[in-house]
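Visitor:
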Amino acid sequence: MADKQVVKRAKYKSSVKDPGVAGVLKMRMERFVFVPNDPTSATKLNVEFRTIKGHKFTKEGSSKQALLNLTQDQGENYIFEFDSFSDRDACREYVATAIAHHSEAGRLVNEKSNVPVSNEQLSRAETERRIKLLQENSELQALHKQLVFGGILTDDEFWATRKKLLDHSDSRKPKQRLALKNEMWSVKPLSDGQSNRVTFNLTPEIIHQIFAEKPAVRQAYLNFVPNKMTEKEFWTKYSRAEYLHSTKNVVAAAAEAAEDEELAVFLKQDDMLANEARRKVDPTVDMKADEGDDYTHLPDHGLLGDETKDVLESQYKPYRRSFAQDLNQHASVVLQGRLVDELGDTRSVAEALARTKQAELSDEISNRNLEKELSDKICRMAEIEDLQGPRDTAVAPLSIKDPRDYFDSQHANALKALGDAGTGTKPLKSSVSSSKAYGSLRDLVSEIRGTGLSDPIMSHDVALKVLSGLTQNISSTRFHLGINPNESVLNRLPKVTKEELLHHWTSIQELLKHFWSSYPITTKYLYTKVTRLKDAMSQVYPKLQEIKESVQSDFRHQVSLLVHPMLQALDAAFAHYEADAQRRSSKSGERPNGFT
Amino acid sequence: MKFQIEDVTVYFPYDNIYPEQYSYMVELKRALDAKGHCLLEMPTGTGKTIALLSLITSYVLSKPSNPVKLLYCTRTVHEMEKTLAELRFLHNYQVKHLGPSARILALGLSSRKNLCVNPSVVSAENRDSVDASCRKLTASWVRAMAVENPNIPTCEFFENYEKAASDAVLPPGVYTLQDLRTFGKEKGWCPYFLARHMVQFANVVVYSYQYLLDPKVAGIISKEMQRECVVVFDEAHNIDNVCIEALSVSVRRQTLEGATRNLSRMSQEIERLKATDAGRLRAEYNRLVEGLAQRGNLPLGDAWLGNPALPDDILKEAVPGNIRRAEHFLSVLRRLVQYLKGRLQTENVEKEGPVTFVASINSQIGIDQKMLRFCYDRLHSLMLTLEITDTDEFLHIQTICDLATLVGTYTRGFSIIIEPFDERMPHIPDPVLQLCCHDASLAIKPVFERFQSVVITSGTLSPIDLYPRLLNFNPVVSRSFTMSLTRDCICPMVLTRGSDQLPVSTKYDLRSDPGVEKNYGKLLLEMVSVVPDGIVCFFVSYSYMDGIVNSWHESGILKEIMQHKLVFIETQDVVETTLALDNYRKACDCGRGAVFFSVARGKVAEGIDFDRHYGRLVIMFGVPFQYTLSRILLARLEYLRETFQIKEGDFLTFDALVNSDIHRQAAQCVGRVIRSKADYGMMIFADKRYSRHDKRSKLPSWILSHLRDAHLNLSTDMAVHIAREFLRRMAQPYDKTGGMGKRTLLSQDDLEKIANGVEDLAF
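Those sequence lines, one after another, are chains A and B. Sequential numbering of the first sequence, starting at 61, is according to my numbering. Sequential numbering of the second sequence, starting at 573, is according to my numbering.
(1) Reducing DSSP to helix, strand and coil, say where B:F1140 ends up.
(2) Could you work out which residue in B:P992, B:C1008 and B:H1010 is closest to B:D1002 when comparing CA atoms only?
(3) Are the beta-carbon atoms belonging to A:A410 and A:R278 less than 7 angstroms from one another?
(4) Could you give the first and the last residue of the continuous beta strand (DSSP E) run that contains B:S987?
(5) 7 angstroms is my cut-off, CB to CB: does A:P625 come that close to chain B?
(6) Keeping to the same chain, check which residues put their C-beta closer than 8 angstroms to that of B:V1102; ignore five residues upstream and five downstream.
(7) Here's the rule I'm using: 16 or more other beta-carbon atoms within 10 Å means buried, otherwise exposed. How should A:N174 be labelled?
(8) Going by the DSSP bridge assignment, what does B:L1189 pair with across the sheet?
(9) If I measure Cβ to Cβ from B:L1317 and keep anything under 7 angstroms in the same chain, skipping five residues before and after, which residues do I get?
(10) Looking only at its own chain, which residues have a Cβ that is under 6 angstroms from the Cβ of B:F730, when we skip the five neighbours before and after it?
(11) Taking C-beta to C-beta, are B:Y583 and B:K574 nearer than 7 angstroms?
(12) Quick one: does B:H650 have its CB under 7 angstroms from some CB of chain A?
(13) Measure the CB-CB distance between B:E796 and B:Q772 and report whether it falls below 7 angstroms.
(14) Buried or exposed for A:A269, going by 16 or more other Cβ atoms inside 10 Å?
(15) Compute the Euclidean distance between the alpha carbons of B:S1013 and A:H636, then round it to the nearest angstrom.
(16) Tell me, please, whether the CB atom of B:I988 is closer than 7 angstroms to any CB atom in chain A?
(17) Identify, in the order they occur along the chain, each residue of the same chain with its Cβ nearer than 7 angstroms to the Cβ of A:E141, setting aside the five sequence neighbours on each side.
(18) Exposed or buried, B:S1030, counting other C-beta atoms within 10 Å across all chains shown (16 or more means buried)?
(19) Whole angstroms is fine: what's the gap from B:N920's alpha carbon to B:D786's?
(20) Measure from the C-beta of A:S408 to each C-beta in chain B and report whether the shortest distance is under 7 angstroms.
(21) What residue range is occupied by the uninterrupted alpha helix (DSSP H) comprising B:Y911?
(22) Could you tell me the alpha carbon to alpha carbon distance between B:I792 and B:K685, rounded to whole angstroms?
(23) For A:K288, count neighbouring C-beta atoms within 10 Å of its own C-beta (all shown protein chains included) and say buried if the count is 16 or more, exposed if not.
(24) For the region 659-728 of chain B, which segments carrying the alpha helix (DSSP H) assignment without a break, of at least 4 residues, lie completely within its bounds, in sequence order?
(25) DSSP on B:K888, reduced to helix/strand/coil?
(26) Out of B:G1163, B:G1174, B:I1120 and B:G1165, which one is the CA nearest neighbour of B:T1143?
(27) Would you list the one or two residues that DSSP bridges to B:E613?
(28) The alpha helix (DSSP H) that contains A:Y303, what's its start and end?
(29) So if I threshold CB-CB distances at 7 angstroms, which residues from the region 774-789 of chain B count as touching chain A?
(30) Going by DSSP in three states, A:V670 sits in which element: helix, strand or coil?
(31) Which runs of the beta strand (DSSP E), 3 residues or longer, sit entirely within the region 1141-1190 of chain B?
(32) Assess, as a yes-or-no matter, whether the region 1139-1157 of chain B is touched by the region 384-396 of chain A under the definition of 3 or more beta carbon pairs within less than 8 angstroms.
(33) Under 9 angstroms, CB to CB, which of the residues in the region 560-583 of chain A have a partner in chain B?
(34) May I ask you to report which of helix, strand or coil DSSP gives B:Y1211?
(35) Along the chain, where does the alpha helix (DSSP H) that runs through B:V825 open and close?
(36) For B:A1159, which residues in chain A fall below 7 angstroms Cβ to Cβ?
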């Protein structure tokens, strides 16, 4: 069984009917490799067993071929035809062990019975769900292995913090929706400085945003293009209007609008917006309703207010548009999320948006639902939270594609905040023998002796080049971090260090989570748990130091920056533990239960 | 939970109660027992409203022989909604535990604008036009005409409601405005008139202050409330201002022009009526001779705004002979308007008392005090006779008559101030004549006299002994509670320098300094990346906010801020601000987080709560302006000095008044972050002037008590550090009951022990 590897002749087939490509199949514990006999053939395979989910095979003795079918987790199949059934069986057995080796699941089921304290009889479904979760998430699995089998946490404790994950019926929970970019498109006219021409850049994304934020422009587009003007003309006109707004010259805007009625559409205040604004709002913030009861501010009653409204002649009123208005509208559109997912051509985007808006406004039933939702929400809000037990609210779960992204950007921020530029990070590749170095140095010295120092010592150009090169390199860590996902600090580290760091990070997170949630200590059980956790954490501590010291000097600084917050968090926990222990011992006499 | 306070069993809808809530209830019960008025101060975030509601409803339930009605007054409609939501929560709890016998009828009442369900009426722009459009459909003469001529439109909801007559009742329950509208729509009854009718039978009525304090409205709505009422003024720190404003009138040029238009329109109507139906005018004249200004009880739809003077001060005698004829009355009004026009042309600020003013009117245009006093009644009668329905057009002449009536009725406690221009903009002529009331006790006096218990309560009523003097009443209970906190859940900081160590301030010389703007921007930028959920920023004025936000936009700071959170901003348009607020809350709810830019004296600062995740941090950019020395305030102080015989040197009242204004500003801006003891929030006062003791001492004491010396002179980076630490501390679990020595949360067992005298309520 423990054969290092198995090598057999076989044919690789993309399907059962396929005649197949003849070649050699090599299997090792980690991977299998298929090399076709014909070196020109492109069907080379190199697949990790980790990704293989299962295997199927044809029955012996039948007239069928000796086939072995390996199923990958993405649903891909690898079919091999062997010369004989014995060959096939050798491979089959090898595959079985390899899969078992890689799939932790099998082992976990076996080991489940060995798991330390399990004081609650788990339902079968529950156990299965847990196993499934572990299978799906290798990081979780590693963590589980370390903490639960390491005896630091019991299985129940481990899962208690992941109730949410276990609740698989998240279909009723609202799904997270993508939003538009929270960036306002402002007219930054690019002027070439020579002529009076200004240019604007519009992308489909920006157009989508404009349509979503400015219903009047959307409507105008549907009305004007392409019957009245071309798309280009339309956007030119729009840009002109935006430009006029950006100059904040209301009078000029009014004058231009008077001459050009299409331009006027863009310059005037958005009436459709005002209509859309008439929707139901939470009555506990409805200041509009307050006006209905305000009898002291009848025109001319009461005392004068403090704030003076700015005076503008009525003819210019429709052309006044405040930045505040745009800001609010922008934020509300972003909040609403992406109504149109596909960025097709401009017209279809406009139409789709108009349709959804229309549907929203006319939907009576949703209106009633909204009212109900609002009144529910107000009821919830009215409660005083700490006088009552906690209550679950339906919140869309935050789904970050890869939690590591978050981790990276956090550290990038930390780096930025420290204002400390990581030193040049490109490893210098040079290998010079000492004699060579000495020789070249001697040559240099003799040369200088001969010619004297040139004046200037270095040419300006070279100096400048070096300086700017250095600056760029220094600042690159500062500015590129967190922006380009492929260039995070972590990815530059040696792979071992990176893996180790990440592993410690997750386990520390988990330990801390358990640690803090055990406070205030009210029972003996919590007390022992905290002690256990503390011991585990103090074991991690030296390991982190070790990592810090073990890395190459190039990276040491960055690694220490990464490790620093972890150490800090651990320190805080230790401090809390100490303080609590002290308090506890000081009054242990009268208060066995203890309070924080 | 359920517990005893002496002979009353209190049903409280939570499992636990704060000790201060308990003490609050004990004091409140003493006041109810004594059938007297009381004054209770308790900081926000301690659940005043629910304590108050549960005690009073439980009090009524325990003493069924003595049914007391609760009139709960809020400042705004949205506070009304919040109160009703808490009441509903309480009511559900009580019904669950006591069965149907605990059922009560509770409803909110507001104007037609907020209650009408007739789409053609409610679409009108403002309250007055909604009122007028309603009247066009429901006035008695319109309905009479509609009987003969089916083409005349009426309101089906009102007709149905009238048809249902005494059957039109609300079943017991708690009704918010929305519930009333829904109920009205279902039944086809007008919710507004239904609610006004049901107010007489309801156990709890929640409405705005003005429905009790402003005689123009109270005369119509709250006329029939019986003595057995407990009146509660919540958030009452501003109550004196409401009282004063209820009796104040201001007249501008536009008012006078409008009034002139109104007068000519009325004279046309009179001419028309003379030609078509002279009998009606004669009938009115005869009625006035008999001494009836109004035709007895008006039909529901006809009632308009009431007399601006307080009910006790309205003369119950015949209208003077020289204004009984419609034409004569109109000519009197014309002369009055002309006179006021002349007064507005002054170039200097003028200030005089009502007596001098009336005397000068009498000598110059021959209108005596009694005629002035009857102006309102006479106008109202004339409008009814002329069957005018578009009342929103006639607000100008109404203003003039209100002024005349008030000036004719009151000889002291008022003054007339004429200013030719706004002090802040001396180059723009904008003359205004203001009749200012100085005596807050005038408007509230009838309330104290009519109702057995009046409860004035708020988060900040300090100095608490000032209010009985300002409002002229004797409370049987006057107490101020402090909040016992389980942990340091508020973190005020004073930021004096930016990250570049240069001072920040909105002081005149620094205000438009780009460095200061940049430092403010950087501060916010740092904070948005550290603080979760909602952040609220207050600026000193709209113009300053506009300026700084624009400059942040141009310098790209705003863009960076938007990478962390959504940005919303208060504007002068209420509809838009409401929408922005709603969106802000949504953004905070969904975890996106947002920043709200607001103005320190704006509507948002005055009435919107930013508790829990809606406001983890409040940044106050600069010190709010204080127009403390406005002429009106000075005149008021002078009056108070005379009436309360407070010596010049003793500036208790003066200081209290001036400071209470700033107090209120600051408290309003930052004091709304805490909803419960589990809640937490930070406040940053970003101006170097806050590090001075005199500025700082004006902040509410509960904030000052948390302001550590080390947090008095911070720069941006230090503030960020403190914020990080604070948030980390707040995220840690803690013992809610307070554990050591101080109890901050009581369970039913604890309360029983206290009642049995086993334990003391030590806090």
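Cβ coordinates follow ideal geometry from the N, Cα and C atoms, glycine included. Nothing here was measured: the structure is a model prediction, and the numbers come from that model.
Guide: Quick answer:
(1) B:F1140 sits in a strand when the DSSP states are folded into three classes.
(2) Nearest option by C-alpha distance: B:P992.
(3) Taking 7 angstroms as the Cβ cut-off, A:A410 and A:R278 qualify as a contacting pair.
(4) Boundaries of the beta strand (DSSP E) around B:S987: F986 to F993.
(5) No, no contact with chain B.
(6) Answer for B:V1102: V1292, A1295, R1296 and L1299, listed in chain order.
(7) Model confidence at A:N174 stands at a pLDDT of 44, short of 50, so the residue's coordinates are unreliable and nothing is read from them.
(8) By DSSP's assignment, B:L1189 forms a beta bridge with B:I1107 and B:M1254.
(9) Contacts found: N588, Y590, K1308, T1309 and G1310.
(10) Result list for B:F730: T710 and C762, in chain order.
(11) Yes, they are a contact pair.
(12) Yes, contact with chain A.
(13) In this structure, B:Q772 lies closer than 7 angstroms to B:E796 by Cβ.
(14) Inspection of the sequence shows that residue 269 of chain A is occupied by Gln rather than by Ala. Result: buried.
(15) Taken atom to atom, the span from the alpha-carbon of B:S1013 to that of A:H636 is near 56 angstroms.
(16) No, B:I988 does not count as interfacial toward chain A.
(17) For A:E141, where only same-chain residues beyond five positions count, the Cβ hits under 7 angstroms are A70, K71, K73, G80, Q125, A126 and L127.
(18) Looking at its Cβ environment, which holds 16 or more other Cβ atoms inside 10 Å, B:S1030 is buried.
(19) If you draw a straight line from the Cα of B:N920 to the Cα of B:D786, it is about 32 angstroms long.
(20) Chain B, which has no Cβ nearer than 7 angstroms to the Cβ of A:S408, makes this no.
(21) Looking at the DSSP string, the run of the alpha helix (DSSP H) that includes B:Y911 is A898 to L916.
(22) Each residue's Cα considered, the two are about 16 angstroms apart.
(23) Per the 10 Å Cβ criterion, exposed.
(24) Annotation note: the region 659-728 of chain B contains the following uninterrupted alpha helix (DSSP H) runs of length 4 or greater, listed N- to C-terminal: 684-687, 691-694, 699-710 and 712-720.
(25) Correct three-state label for B:K888: coil.
(26) Closest in C-alpha terms to B:T1143, from the list B:G1163, B:G1174, B:I1120 and B:G1165, comes B:G1174.
(27) Partner(s): B:S1030 and B:S1052.
(28) It spans E291 to S306 - the alpha helix (DSSP H) in which A:Y303 sits, taken as one unbroken run.
(29) So the close ones are S780, Q782, D786, K788 and V789.
(30) Absent from the model: residue 670 of chain A. The displayed extent of chain A is 61 to 656, so no value can be given.
(31) Counting only runs of 3+ residues, the beta strand (DSSP E) found wholly inside the region 1141-1190 of chain B occupies 1166-1171, in chain order.
(32) When C-beta atoms of the region 384-396 of chain A are compared with those of the region 1139-1157 of chain B, three or more pairs fall below 8 angstroms, so the two segments count as touching.
(33) For chain B, the residues of the region 560-583 of chain A that bring a beta carbon within less than 9 angstroms of one of its beta carbons are W576, S577, S578, Y579, P580 and T582, in chain order.
(34) B:Y1211: helix per DSSP, three-state reduction.
(35) Here residue 825 of chain B turns out to be Arg, not Val, going by the sequence shown. Counting along the chain, the alpha helix (DSSP H) containing B:R825 begins and ends at R825 to V861.
(36) Neighbours of B:A1159 across chain A, judged by C-beta separation under 7 angstroms: L395.
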